[in-house]
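The structure appears right after this line, and notes come after that.
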């Protein structure tokens, strides 16, 4: 592995770790939020309703040149799922909690700076499906 490849791989690992740390902090804060007892996205997350879209999403994102992984976070008072995206230029993260809170974040791999961030309070699964593609479109368009 060349020095440039090693440096890029190291920066991507650091950026992913920074995102995961922020995700863990946000999840702990949200768990104590008074909205936690309302679960507009329970079917999507706890009942794993998002699984039914995986085959189509994986092929679409692959066509864009974006790697994609779905993770259901550890059970908590406010369960969450995380969508991780990776392109040559960016690392993206969508974190959505059953309470409807949702964060979209993209980090530039070369600078490790956040270049895209949006926060939402969603009230339905339909809103989630209209919202999270903003992150994918940002990453796709940035690649030209």
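In my numbering, the protein residues as written are 887 to 1030.
Just so it is clear, CB atoms sit at the ideal spot from N, CA and C, and this is done for glycine as well.
- By the CB criterion at 7 Å, residue 932 and residue 965 fall inside the cutoff.
- Linking residue 1023 to residue 929 through their CA atoms gives a straight-line distance of about 25 Å.
- Between residue 954 and residue 990, the beta carbon gap of about 14 Å keeps them out of contact (Cβ cut-off 8 Å).
- Within a 10 Å sphere around the beta-carbon of residue 939 sit fewer than 16 other beta-carbons, which makes this residue exposed.
- Of all alpha-carbon atoms in 901, 924, 900 and 898, the one lying nearest the alpha-carbon of residue 1010 is that of 924.
- Take residue 1020, set aside five residues on each side of it, and the residues of its chain with a beta-carbon closer than 7 Å to its own are 990 and 1004, in chain order.
- Per DSSP, residue 1026 is one residue of the alpha helix (DSSP H) stretching across 1019–1028.
- For residue 1007, the closest C-alpha among the options 901, 1029 and 988 is that of 988.
- Excluding the 5 residues flanking it on each side, residue 978 has same chain C-beta neighbours closer than 6 Å at 971, 992, 1021 and 1025, in chain order.
- In its chain, beyond the 5 residues on either side, 901 have a beta carbon closer than 6 Å to the beta carbon of residue 998.
- Look at residue 1000 here: in three-state DSSP terms it is strand.
- The straight-line gap separating the alpha-carbon atoms of residue 895 and residue 984 is approximately 33 Å.
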